[in-house]
Every structure is written in structure tokens, then in C-alpha cells.
């Protein structure tokens, strides 16, 4: 997932705002589905949240408690499928993306979406 205007990204310890045009490399599906997020991969404690959009390699989520920084490794679980993801961006306060996060899979071969959703992504 590429950063959008008004989003924090990691860069030499700072969190600058990126004002570059959006560059998408894969198809996305605007779909709200419930997921569980495990902000601490060493813990069994999870937060329920919802997607805004999904792709085979990432998602835009409602920011659950526990997401603290760009680069953070988390687990995202859909039904009984779970994979490790990295937080790519966090919506800045005062922007339309406030309260949202973008995540990208660290396990590309481990797609957590059901076959029906994967098929819809490919058709979008």
C-alpha cells in the first residue's frame, strides 16, 4: 500500500507527510469485513476492527488500539486465517484518513481472505 497525502511514513526516524500522488500496484476492493488485529505479535490479546478496503497483499483498516508506529509488525486474522502484516502508514489527525491505518502483508503466500473475496478482488 502506498502512502497518500496526510499520512505518516517512516523515514530516518522522522514521520514526514508525503504529498506524492498515489501509485497502486494491485487491485483493491472497497469492502468492510470484520477482522481481528493482534498489535503485539507476542501476545494472544486481539482487537476487533473492520476493513475499509482490501487487496491480496494489504488492507486499509479502522485503526485499532495498540497500533503505535509505522513499521510495527502485527497479525491480522480473518475467520481462522492469520498472517503477519507491517503497518505502512497511519492517518494523520485532521485528515480524511484519521483513525485509519494501511497494512501490507509480510507473508505474500498466506492470503487470509476467503476464495470468494479473492475472486472479487481480481475482478475489481
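In our numbering, the protein residues as written are 1349 to 1472. For every residue, glycine included, the Cβ atom is placed at its ideal position computed from N, Cα and C. Nothing here was measured: the structure is a model prediction, and the numbers come from that model.
Residue environment, residue i, which counts as buried when at least 16 other CB atoms sit within 10 Å
i            : result
residue 1412 : buried
residue 1420 : buried
Cut-off 8 Å between Cβ atoms - residues of its own chain near residue i, not counting five sequence neighbours on either side
i            : result
residue 1415 : 1385, 1387, 1422, 1435, 1438 and 1449
residue 1380 : 1398, 1399 and 1400
Cβ-based neighbour list, residue i, same chain, cut-off 6 Å, excluding 5 preceding and 5 following
i            : result
residue 1394 : 1384 and 1386
residue 1455 : 1431 and 1432
residue 1460 : 1426, 1429 and 1431
Spatial distance of residue i from residue j (CA atoms)
i            : j            : result
residue 1323 : residue 1470 : Outside the displayed span of the chain (1349 to 1472) sits residue 1323, for which this structure offers no information.
residue 1375 : residue 1447 : 23 Å
residue 1429 : residue 1403 : 15 Å
residue 1452 : residue 1418 : 11 Å
Simplified DSSP state of residue i, which is helix, strand or coil
i            : result
residue 1463 : helix
residue 1436 : strand
residue 1469 : helix
residue 1446 : coil
residue 1416 : coil
Other residues of its chain near residue i: CB distance less than 7 Å, five sequence neighbours each side excluded
i            : result
residue 1396 : 1382 and 1384
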